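Participant:
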């Protein structure tokens, strides 16, 4: 049995004759925050009226109970995320700040976001109201949304669910009306898996020249993240074969990304398989399917 979901693990663990294999995987679930205006073919240089404030972005992270979500909804079969590259030689493991709703409230208070009579904050006439999208029908993601809507409401941020079919939200094209490409979202949750070499993930997703526009929709910098130092580090990493130099450059990029609070790295998904308990010789491989070493398998009698 391969590619199991976290929800299937309790039954497998109770089944005689089966052994569960849970190993770290490269897939990272995240919530991306749009820092530009939420409108079609948004101007990358525009500023989101709510998420354009870094203190608001910080507060949303502080009010996100990653570990509790992992324990309760993923049966403990994941780890809190910290970057787009969770495995391999370029993995960045410096954690994001942990769950602290008191700190979240204090951050918003200090930044001038004031609670109204309904408990929702506003600043300069702008109400702290956001939309939150993910793939329609994904039960795990929808349950995560329910948790976060309540958590964020508790700190004075109104969040409205605005889910769409995966054929739209993950279409990867402007013609397919992918809100990430068009910029028509506030908060958007999905997962992606980097390739073995991280450059094919980091360049298109985090270089400022990779922000999708009406003229060129090919980029994948969906948060509209712009940082000259990060751009320079990405370019340096792509111009050398020295692994240590590349690793250091990518670390600079991922630190800059996290310092901007444009992505909440929810959790690193595990690769979950089950095998007959008598099967021997099986070895985990982050990047390959579980049958990659089938020639070495044997059954213990």
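In our numbering, the protein residues as written are 89 to 389. Quick reminder that beta carbons are idealized off the backbone N, C-alpha and C, glycines included. Owing to the predicted nature of the structure, the values given are computational and were not obtained by experimental measurement.
Specify the secondary structure class of residue 392 as computed by DSSP and reduced to three states.
Facilitator: No statement about residue 392 is possible, as the shown extent of the chain runs from 89 to 389 and does not include it.
Participant: Taking 8 Å as the threshold (C-beta atoms), are residue 352 and residue 130 in contact?
Facilitator: no
Participant: State the start and end residues of the unbroken beta strand (DSSP E) segment that holds residue 128.
Facilitator: Looking at the DSSP string, residue 128 is not in any beta strand (DSSP E), and its letter there is neither H nor E.
Participant: In terms of alpha-carbon separation, which member of 137, 259, 237, 133 lies closest to residue 210?
Facilitator: 137
Participant: Over the uninterrupted beta strand (DSSP E) stretch that includes residue 280, give me the two end residues.
Facilitator: 275-280
Participant: By Cβ distance, which residues of its chain are closer than 6 Å to residue 111, with the 5 residues on each side in sequence left out?
Facilitator: Sequence-distant Cβ neighbours of residue 111 in its own chain, meaning closer than 6 Å and more than five residues away, are 359, 372.
Participant: For residue 90, I'd like the list of residues in its chain whose CB is within less than 6 Å of its CB, leaving aside the five on either flank, ordered along the chain.
Facilitator: Correct list, in chain order: 361, 378.
Participant: Please list the segments of the beta strand (DSSP E) lying wholly inside the segment 139-173, counting only runs of 3 or more residues, in order along the chain.
Facilitator: Counting only runs of 3 or more, we get 166-168.
Participant: Given this structure, state the Cα-to-Cα distance separating residue 207 from residue 192, to the nearest angstrom.
Facilitator: The straight-line gap from Cα to Cα measures roughly 14 Å.
Participant: To the nearest angstrom, how far is the alpha carbon of residue 174 from that of residue 248?
Facilitator: Spanning the two alpha carbons is a distance of roughly 30 Å.
Participant: Buried or exposed for residue 171, going by 16 or more other Cβ atoms inside 10 Å?
Facilitator: buried
Participant: Decide if residue 185 is buried, meaning its Cβ has at least 16 other Cβ atoms within 10 Å, or exposed.
Facilitator: exposed
Participant: Name the residue from 104, 150, 118 whose alpha carbon lies nearest to the alpha carbon of residue 357.
Facilitator: 118
Participant: How should residue 302 be labelled, buried or exposed, when 16 other C-beta atoms within 10 angstroms of its C-beta is the threshold for buried?
Facilitator: Exposed is the label assigned to residue 302, since fewer than 16 other Cβ atoms lie within 10 Å of its Cβ.
Participant: Return the Cβ separation of residue 305 and residue 261 in integer angstroms, given the expectation that the two are a contact with Cβ distance under 8 Å.
Facilitator: 7 Å
Participant: Which residue or residues does DSSP assign as beta-bridge partners of residue 210?
Facilitator: Note: residue 210 sits in a beta bridge opposite 202, 215.
Participant: How long is the line joining the alpha carbons of residue 367 and residue 297, rounded to whole angstroms?
Facilitator: 50 Å
Participant: Taking one C-beta from the segment 231-251 and one from the segment 142-157 each time, how about it: are there three or more such pairs within less than 8 Å?
Facilitator: yes
Participant: Distance, Cα to Cα, residue 295 vs residue 319?
Facilitator: 5 Å
Participant: Can you tell me the Cβ-Cβ gap for residue 161 and residue 275, rounded? I've got them flagged as a contact below 8 Å.
Facilitator: The beta-carbon separation of residue 161 and residue 275, rounded to 18 Å, does not stay under the 8 Å limit for a contact.
Participant: Three-state secondary structure (DSSP) at residue 355?
Facilitator: The three-state reading of DSSP puts residue 355 in strand, counting E and B together.
Participant: Can you have a look at residue 333 and say buried or exposed, based on whether 16 or more other CB atoms are within 10 angstroms of its CB?
Facilitator: exposed
Participant: Jot down the residue ranges of each uninterrupted alpha helix (DSSP H) in the segment 222-309, minimum 4 residues, whole runs only, in chain order.
Facilitator: Taking only runs of at least 4 residues, the alpha helix (DSSP H) segments lying wholly in the segment 222-309 are 227-242, 254-257, 267-270, 287-294.
Participant: With residue 124 and residue 244 assumed to form a contact (beta carbons below 8 Å), what rounded beta-carbon distance in angstroms separates them?
Facilitator: About 23 Å separates the two Cβ atoms, so there is no contact after all.
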